[in-house]
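Beneath this line is the structure, given in structure tokens, with notes to follow.
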Amino acid sequence: MSRIGRLPISIPAGVTVTINERTITIKGAKGTLTMEHHPGIQVKHDSAKNEIVVIRPDEDRLSRSLHGLTRTLVQNMVVGVTSGYEKRLKIEGLGYQARMDAQSIVLSVGYANQIKLTPEPGVTVSVLDKEGTQILVTGIDKQKVGQFAADIRAVRKPEPYKGKGIRYQNEEVRRKDGKSFASGG
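Per my numbering, the sequence shown starts with residue 848, numbered consecutively.
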């Protein structure tokens, strides 16, 4: 039995869950998320215990893998509508910076042109400091927040020699030594 899949998902106060065949809709203080799960997995709402239970039909490999996945996706939806998700990014490098342009973020990271990225609906992005080196991506959908943060990071990944580039807040970049000249004879 899946260790993750068999755990019930407790529903906090203020969150409403609607299950209509394969469609799960979770509504909370931050917004509404909807997901359609795999037809081989059952999702049941136990209103007496105020929790959601994910059930798999058999012990097939596919069923086992979808069991834990479905439970995690539903859990992420519950967390998203109650507290939301955020990713913090940090820009390092001389002259590298970010600024906001309406709803888009404009990155100046060493290319001839500035890069302009517009987030999907439901994802907000902001620059936290006046130097433009701290970026905050927030939203209720964990996948969208993570994808947009990855898109920003992909514009200029941190390089290992000087450490310049865009990285996640707590990301450790493995540094390499540059060229070393042998004192030769």
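Every residue, glycine too, gets a C-beta built ideally from N, C-alpha and C.
| task | Starting from the C-beta of Gly-1025, find all residues in its chain whose C-beta is less than 8 Å away, skip the five residues before and the five after it, and write them out in chain order. | result | The answer, listed in chain order, is Tyr-1008.
- Short Cβ contact (8 Å threshold) for Gln-1016 with Arg-935: The Cβ atoms of Gln-1016 and Arg-935 lie closer than 8 Å to each other.
Exercise for the section: Excluding the 5 residues preceding and the 5 following Thr-881 in the sequence, name in chain order all residues of the same chain whose CB lies nearer than 6 Å to its CB. Expected result: Once the five neighbours on either side are set aside, the close Cβ partners of Thr-881 are Thr-872.
query = How many whole angstroms separate the CB atoms of Val-956 and Gly-940, which I take to be in contact at a CB cut-off of 8 Å?
reply = Contact flag correct, Cβ pair sits at about 7 Å.
For the region 914-927 against the region 967-978, are there 3 or more C-beta pairs whose distance is under 8 Å? Under the 8 Å Cβ criterion, the region 914-927 does not count as touching the region 967-978, having fewer than three qualifying pairs.
So what does Asn-867 bridge to, in DSSP terms?
Beta-bridge pairing links Asn-867 to Thr-870.
query: Just how far apart, CA to CA, sit Thr-870 and Asp-907?
result: Asp-907 has its alpha-carbon roughly 23 Å from the corresponding atom of Thr-870.
Next on the checklist: Taking its Cβ as the centre, do 16 or more other Cβ atoms sit within 10 Å of Met-848, making it buried, or is it exposed?
Outcome noted: Per-residue confidence for Met-848 stands at a pLDDT of 48, beneath the threshold of 50, marking its modelled position as unreliable; no derived number is given.
Which value, in whole angstroms, describes the spacing of the CA atoms of Ser-894 and Val-984? The C-alpha of Ser-894 lies about 34 Å from the C-alpha of Val-984.
**Item:** Proximity winner among Asp-988, Tyr-958, Gln-922, relative to Thr-877 (alpha-carbon distances)
**Value:** Residue identity differs from the one stated: residue 877 is Lys in this sequence, not Thr. Of the listed residues, the one whose Cα sits closest to Lys-877 is Asp-988.
Exercise for review: Determine the contact status of Gly-986 and Gly-915, defining contact as a CB-CB distance below 8 Å.
Suggested key: No; because the gap between Cβ atoms is not below 8 Å, this pair is not in contact.
Determine the burial state of Lys-977: buried for a count of at least 16 other Cβ atoms within 10 Å of its Cβ, exposed for fewer.
By the Cβ neighbour-count rule, Lys-977 is exposed, with fewer than 16 other Cβ atoms within 10 Å of its own.
Distance, Cα to Cα, Arg-850 vs Asp-948? One alpha carbon belongs to Arg-850, the other to Asp-948, and they sit about 45 Å apart.
| Under the three-state reduction of DSSP, which class applies to Gln-922: helix, strand or coil? | Helix, per DSSP.
* Given a threshold of 16 other Cβ atoms within 10 Å of its Cβ, counted over all protein chains shown, does Asn-960 qualify as buried or as exposed? -> A residue is called buried when at least 16 other Cβ atoms come within 10 angstroms of its Cβ; Asn-960 does not meet this threshold and is exposed.
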